[in-house]
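Only one structure is covered here, and it is reproduced in the block below.
Residue numbers (my numbering): 3 to 77.
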């Protein structure tokens, strides 16, 4: 299993960081590319939609999980 890597990104004019394992980061980048958007734009979208009690890294992992589950079920 790969280690957790901390990354920084600018969203809505401010710098923020998140920590993800490489496979989650790779899948998040693939999701962004598939939607024709930058990784920063996707992170910003997820950040804006996440419940306030959820940290950004967790919200990103959950987004990846939801997309993979939807793909598996054919949705």
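Cβ atoms here follow ideal geometry from the backbone N, Cα and C, with glycine treated the same way.
In this text the structure is predicted, and so the values were computed from the model without any measurement.
Less than 8 angstroms separating the beta-carbons of residue i and residue j?
i: residue 33; j: residue 22; result: no
i: residue 9; j: residue 26; result: no
i: residue 45; j: residue 66; result: no
Does residue i pass the burial test, meaning 16 or more other C-beta atoms within 10 Å, or should it be called exposed?
i: residue 68; result: exposed
i: residue 16; result: exposed
Taking the C-alpha atoms as reference points, what is the distance between residue i and residue j?
i: residue 13; j: residue 40; result: 11 angstroms
i: residue 52; j: residue 18; result: 15 angstroms
i: residue 54; j: residue 29; result: 24 angstroms
i: residue 64; j: residue 24; result: 15 angstroms
Between residue i and residue j, which are expected to be in contact by the criterion C-beta below 8 angstroms, what is the C-beta distance as a whole number of angstroms?
i: residue 48; j: residue 31; result: Not quite, the Cβ-Cβ distance comes to about 13 angstroms (not below 8 angstroms), so this is no contact.
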